[in-house]
Each structure stands twice: as C-alpha cells, then as structure tokens.
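Heads up, the sequence shown is in the working numbering, so the first residue is 2 and it goes up one at a time.
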Amino acid sequence: MTAERRAVAVSRRRATDAHAPLFHFIAPEGPAVPFDPNGAIWWKGRYHLFYIFQDPDLPHGGHCWGHASSADLLQWTYHPTALAPAPGDPDTGIFSGGAFIDKTGVPTIIYHGVGAGTCLARALDDELIEWEKYPENPVIPETREGAEGFGVYNVFDPHCWLEGDTYYAILGGKVKPHDLRDTAYLFTSQDLISWRYERPFYHPHPHWTGEEEDCACPDFFYLPGSTAGSVNPDQGRHCLVCISHPRGARYYLGDWRDGTFIPESHTRMNWPGGGCFAPETLLDGDGRRIFWAWAIEARPWFLDGKQALGVMTMPRVLSLGDDGQLRIAPPVELRQLRQGADLVTESSDGPGESGDQSGTQVGSPRERHEELELTGQRQELSLAGDALEILVEADRLCRVELDVRRTPDGAETTSIILDPQAGSVSIDTTQSSLDADVWRSDPIVMADDRVDVPVQVAPLSVCDGDPLRLHVFVDRSIIEVFVNERVCMTGRAYPSRADATGVAIRGEGTVRIQGWQLGVAAGLPAM
C-alpha cells in the first residue's frame, strides 16, 4: 500500500465507521491486531512512529512495521512499510522493539524477529524510509531447548540504548526457570553484533505484581527532576514503562545503579476493564518524553464483517513533579484542535472569567470558564458532540460525575466518576451502548477465565489543599481521563445511537468547567 493510499484509507475509515477516532492515530492499513507502537524516535525535526500491522498477502500472519511521521503530533504523513519479512530472512514476522541512534549517528531499529530472535536494521536515508536489516541477524537468537540461554533468559521485545561506549539491551520476560513474575534480561555489547548476557534487569516485588505477570514492551529512560516547576537534571529518576500481558500498561520508578535497575515504586497505567497496552516513548527536540500506547478495542475482532480498528492513545507527556512522582499530561499541541470555547450551560448569559491564556494558540478561541453550583441533580450542558475536550476544576472533597456520549433519554451514556473521598476515579461504560456485542476483557490476554468488566476503577490520592482537576478527551469511541496529571485512564465506548452526543454533570459543591468541541488538525481532510 502506497503512502497516498494509506492517507485515503484513513479518511475513508473515519467517514464510514462512526467509532473510528478523528484525531487519534489509527491504522491506515485497517485492521491491526496487535497494533503496538514501536520504534518511536525524534529525528531531523520530525516525530517518527512505527507500528505493527498485518499484511494479508504475507504468510505467518504477515506481521510488519508501518511508519508515519509528523512535525506537530497532529498531522501525520504515512510512509511505505518500513520492515517486513522477506524470503531468505531468518524472521517470519516483525514484532515489538525500539529505535535508537548508534555510535556513528545512524538511526537503528532493534526488534523481535518472529522465529529468529533479536534483530537489527539501520536507516539508509534521513527520512527513515529505507531500512537495511543486519546480515548478522539474529544477534541474540531465540532460546530453544538445548541451546545457550535456555531456562536462563527470554528473548522477545528488545529495547536498546547507548550509554557511554556501551550498548545496553533489555529483553522482555518472566523470572526463570519457572516463568513466575515479571522481569527483563540485560545484555551488553560494544558493536551491536556480539552480545553478552549480564543478569536479570530487576527483581519483582510480590506486593506490586502477580505471579502471572510478565515484563513486555519495555522502554527504559531517565526523567530529569523538577524543583519549583523548573527542570533539575540532578534530581531525576529512571523509569521503566512496560506491560504485563494480562494487566496492560504500567511503570516502575527507581535507580539505575551499577548495571542494575532498582525499582522504588510501581504504578498501573491500566486497570481491569481498560485496554491501555504496549507503551512506547521518545525524547523530542524540546526535551519532552512523549508516550503512546495501543488502545485495545472493546468490540470483537470481527464486527459486521469488519475487523476491529487499530487505535493509539493520544500522545502524552511524561515528567517528574517536585515530589519525584510521575506526571502525565496532554501535550499543548492538542489545543490546536479546539473549535470553540463553548459555554457549557443553557442558562449562561455570557462568558465567564478568562482562563489562563499562556498556552492558547494564535488564532484560537479565547478560553472561558463557568462556575456551577452542583446540588446532587444531573445538569444537562449545552456542550455536545462526539469529539470534545472538557476541563472540570473542583474542591478536593467534591464528588463529580461527568456523563459523555449521552443520549437525550439517558439510554446510552458513559460516566466518568471522580470520588476523592473514596480515593478513586472511574470510567463506567455499563450503559455506554445498547449493542450487547461489547467486551471489556479482564485479563486482557493470556488467560482462559476472562470476564467483561464495564467499570474501570483507578486509585486516586489527592494532597491536602490541592483542588481537583479533571481533564477529559472524547474522540468518538475513545475516552481519555487525566486527573491532576497523576492518573490517566483510557476507556472505549461504542454508542449505537447517533444522538449519543450529550454531556451532563452531577455532584455536590462548586465546580469550574470549560469545554470545547474538537476537530481535525488544519491541513487534514475533514470528516
């Protein structure tokens, strides 16, 4: 499929599938399972994002890496397939991996070659269009009974970085020899060809993860610290973002010392009923750590003859707060999608006080907010649509229930429930759709006893004196919820009715609320 055909396919899918997101990155090839983001790298002023998709014309599942690039995280240029299995190659498919710059300054991909092991490819041009696989592949062979490494380490999902004069690679895995609990395995090399196995990368904590969990799709990086809101490189921490196949995305924060990662905390980025999976990050030209993940469909893989669509989360910015804990925020570029600073209640006579204008884009609407007194009754808002941004600020003890994708009669609705006294934030999709053919699987994969979990609940801790800041993005079937930049949730909802565009709010106490309808970025085809 050519780059032009990929762009046309995205426009067509958005026009014909009411659940295909408008401003999230979707698979131009159509169905994609898995749809892991991979190899993300900032190069020559552009964000490059690779992803797994399946070419039906290839054998063994046809797993390949697609490629797109962007200058602004919003408008994506689709490129030809970057990596694919070919006759004579040791690999029969391209699975997860990452990208880095080698000692000579050349962008390099490390990936899992299905049936082979850890493989490498180097870029042949600055647009990262042409790639050449290493003739030495696999540089770390898969472990098989009787071979070196069998029962000692796993070989899949590699991640590599250059530190000083040494290449470090971690491979996903479980603790050997019994494959119970999560870990990764550390290798080192001087030339990318000859690799030495060192040790398990970290030791799991039984209070943090279960015996059934693994460490897959690992991505390891340093986050500089923050003091009074300013970057402090000397007070940073190392972060390992990964998944476990049953439980989804998560991260460790800790210390990288003497060739061993020492985790000091573990936090989920996905909870039962959610589908935030296969995270990938890059460091951009502004020093921001940008994160994506695969937002797994809650529709069956086949629906009305169509396979479920590959969708990624919005890009997110990861940083450390003054307390040394992770912050997760939407990038400022998303403000360019705002179509209007809508008043949110029918009874409003005019705009409220102006909000902070520091991040408003040139030519964008003036930000406005309204103050509402919630008395326990549901209030319908005038803001409506299937692509929205909503910002609610409340007292730290105020319980807020925000309904989106709501029909006028309430037959279909998705609720975001912020309950600081219970210490939780939830995405409730129990009434999201009259279509019964929706499945929010828990565990996500690799389990025979999966169940449907319609309410995803994340723990929430609010510091004394801090107001609550609920930031919600709706893009047709995908809902992303940020709370005080400490919790970020991903949910999927599939209303069956075209009038499921309403917004309502309920709670007790005073809240300030802003809302915008969102559109596609300038220069992208209108839907």
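Yeah, the Cβ is synthetic: ideal placement off N, Cα and C, and Gly gets one too.
For Leu-398 and His-20, what's the separation of their Cα atoms in angstroms?
Reading the sequence shown from its first residue, position 397 is the one you call residue 398. Reading the sequence shown from its first residue, position 19 is the one you call residue 20. For Leu-398 and His-20, the distance between alpha carbons rounds to 35 Å.
Over the uninterrupted alpha helix (DSSP H) stretch that includes Thr-144, give me the two end residues.
Taking the first residue of the sequence shown as position 1, residue 144 is located at position 143. No alpha helix (DSSP H) contains Thr-144, which DSSP labels as neither H nor E.
Since I believe Ser-266 is in contact with Leu-254 (beta carbons under 8 Å), could you give me their beta-carbon distance rounded to a whole number of angstroms?
Position 253 of the sequence shown, counted from the start, is the residue given in the question as residue 254. Position 265 of the sequence shown, counted from the start, is the residue given in the question as residue 266. Confirmed, Cβ separation roughly 5 Å.
Whole-angstrom distance between Trp-77 and Glu-5, CA atom to CA atom
One-based indexing of the sequence shown puts residue 5 at position 4. One-based indexing of the sequence shown puts residue 77 at position 76. Each residue's alpha carbon lies about 12 Å from the other.
Given that a residue counts as buried once 16 or more other Cβ atoms are within 10 Å of its Cβ, and exposed if not, what is Thr-376?
The sequence position of residue 376 within the sequence shown is 375, counting from 1. With fewer than 16 Cβ atoms within 10 Å of its Cβ, Thr-376 is classed as exposed.
Residues near Leu-74 by beta carbon distance below 7 Å, same chain, minus five either side
What you label residue 74 is simply residue 73 of the sequence shown in a count that begins at 1. Answer for Leu-74: Tyr-48, Pro-316, Pro-332, Glu-334, listed in chain order.
With respect to the beta strand (DSSP E) encompassing Glu-486, which residues constitute its N-terminal and C-terminal limits?
Indexing the sequence shown from 1 puts residue 486 at position 485. Segment: none, Glu-486 is in no beta strand (DSSP E) and carries neither H nor E.
Nearest neighbour of Val-153, chosen from Arg-145, Glu-374, Ile-102 [CA to CA]
For the purposes of this step, residue 153 is taken as the residue at position 152 of the sequence shown. Minimum Cα distance to Val-153 is reached at Arg-145.
Does the separation of the CB atoms of Arg-269 and Arg-251 fall below 8 Å?
Stepping through the sequence shown from its first residue, residue 269 is reached at position 268. Stepping through the sequence shown from its first residue, residue 251 is reached at position 250. Going by C-beta atoms, Arg-269 is nearer than 8 Å to Arg-251.
Determine the DSSP secondary structure at Glu-214, reduced to helix, strand or coil.
What you label residue 214 is simply residue 213 of the sequence shown in a count that begins at 1. Glu-214 falls in the coil class under three-state DSSP.
Excluding the 5 residues flanking Arg-513 on each side, which residues of the same chain have their C-beta closer than 6 Å to its C-beta?
Taking the first residue of the sequence shown as position 1, residue 513 is located at position 512. Here the set comprises His-370, Glu-372, Glu-394.
What residue range is occupied by the uninterrupted alpha helix (DSSP H) comprising Glu-5?
Here residue 5 refers to the residue found at position 4 of the sequence shown. Start and end: 4–17.
Buried/exposed call for Val-475, threshold 16 Cβ in 10 Å
As a first step, residue 475 is located in the sequence shown; it is residue number 474 there, counting from the start. When all chains shown are included, Val-475 counts as buried.
For the candidate residues Val-446, Arg-451, Thr-82, Pro-455, whose alpha-carbon lies nearest to that of Thr-415?
As a working note, residue 415 is residue 414 in the sequence shown. Closest option to Thr-415, Cα to Cα, is Pro-455.
With a threshold of 8 Å on Cβ separation, who are the neighbours of Cys-489 within its own chain once the five nearest residues in sequence on each side are excluded?
Position 488 of the sequence shown, counted from the first residue, corresponds to residue 489. These residues qualify, in order along the chain: Met-270, Arg-317, Ile-329, Glu-481, Val-482, Phe-483.
When DSSP labels each residue in this structure, what does Gln-457 get in the three-state scheme?
Counted from its first residue, the sequence shown places residue 457 at position 456. In the structure shown, Gln-457 sits in a strand (DSSP, three-state: E or B).
What are the start and end residues of the beta strand (DSSP E) that includes Lys-45?
On the sequence shown, residue 45 is found 44 positions in, with the first residue counted as 1. Here Lys-45 belongs to no beta strand (DSSP E), and DSSP marks it neither H nor E.
Put Glu-394 into one of helix, strand or coil per three-state DSSP.
Residue mapping note: residue 394 aligns to position 393 of the sequence shown, counting from 1. In this structure, Glu-394 counts as strand in the three-state DSSP scheme.
If you draw a straight line from the alpha carbon of Ile-171 to that of Val-232, how long is it in whole angstroms?
Counting from one through the sequence shown, the residue named residue 171 turns up at place 170. Counting from one through the sequence shown, the residue named residue 232 turns up at place 231. Taking the straight line from one Cα to the other gives about 28 Å.
Buried or exposed for Asp-404, going by 16 or more other Cβ atoms inside 10 Å?
The residue you call residue 404 lines up with position 403 of the sequence shown. Buried is the call here.
Segment contact flag, the stretch 116–136 with the stretch 214–226, C-beta cutoff 8 Å, min 3 pairs
no
What did DSSP end up calling Arg-258 once you bin it into helix, strand or coil?
Residue numbering aside, residue 258 sits at position 257 when the sequence shown is read from its first letter. Here Arg-258 sits in strand by DSSP.
On the CB-based measure, 16 or more other CB atoms within 10 Å of its CB, does Val-452 come out buried or exposed?
Locating residue 452 in the sequence shown gives position 451, counting from the first residue. Exposed.
Using a threshold of 8 Å, state whether the C-beta atoms of Leu-471 and Val-463 are closer than that.
Within the sequence shown, numbered from 1, the residue matching residue 471 stands at position 470. Within the sequence shown, numbered from 1, the residue matching residue 463 stands at position 462. Not in contact: Leu-471 and Val-463 (Cβ atoms no closer than 8 Å).
Name the DSSP bridge partner or partners of Met-313?
Position 312 of the sequence shown, counting from 1, holds the residue named residue 313. Beta-bridge pairing links Met-313 to Trp-295.
Select from Leu-224, Glu-212, Ala-148 the residue whose C-alpha is nearest the C-alpha of His-179.
As a position in the sequence shown, residue 179 is number 178, starting the count at 1. Among Leu-224, Glu-212, Ala-148, the Cα nearest to that of His-179 belongs to Glu-212.
Going by DSSP, which residues form a beta bridge with Leu-172?
Locating residue 172 in the sequence shown gives position 171, counting from the first residue. For Leu-172, which the question treats as bridged, DSSP gives the partners Pro-159, Tyr-186.
Collapsed DSSP secondary structure at Gln-378 in the structure displayed
Within the sequence shown, residue 378 is the residue found at index 377, counting from 1. DSSP places Gln-378 in coil when its eight states are reduced to three.
For my contact list, Leu-163 and Asp-103 are in at a C-beta cut-off of 8 Å; report their separation, rounded to the angstrom.
On the sequence shown, position 162 is the one that residue 163 refers to. On the sequence shown, position 102 is the one that residue 103 refers to. Confirmed, about 7 Å.
Beta strand (DSSP E) containing Leu-469: first to last residue?
If you number the sequence shown from 1, residue 469 lands on position 468. Here the beta strand (DSSP E) through Leu-469 covers 469–476.
Considering Cα atoms alone, identify which of Glu-413, Ile-27, Met-2 is closest to Val-11.
The residue given as residue 11 occupies position 10 in the sequence shown. Per the Cα distances, Ile-27.
Would you check if the distance between the CB atom of Ala-448 and the CB atom of Pro-247 is smaller than 8 Å?
On the sequence shown, residue 448 is found 447 positions in, with the first residue counted as 1. On the sequence shown, residue 247 is found 246 positions in, with the first residue counted as 1. Yes.
Neighbourhood of Gly-63 by C-beta distance below 7 Å, restricted to the same chain and skipping five residues each side:
Position 62 of the sequence shown, counted from the first residue, corresponds to residue 63. Gln-55, Asp-56, Pro-57, listed in sequence order.
Would you report the Cα separation of Ala-494 and Asp-220, rounded to the nearest angstrom?
Translated into the one-based positions of the sequence shown, residue 494 becomes position 493. Translated into the one-based positions of the sequence shown, residue 220 becomes position 219. Between Ala-494 and Asp-220, the C-alpha separation is close to 29 Å.
Using C-beta distances below 6 Å, list every residue in its chain close to Ala-437, excluding the 5 sequence neighbours before and after it, in chain order.
Stepping through the sequence shown from its first residue, residue 437 is reached at position 436. Taken in chain order, the list of residues that qualify is empty.
In its own chain, which residues sit with a C-beta less than 6 Å from the C-beta of Glu-298, not counting the 5 before and 5 after it?
As a working note, residue 298 is residue 297 in the sequence shown. Ala-309, listed in sequence order.
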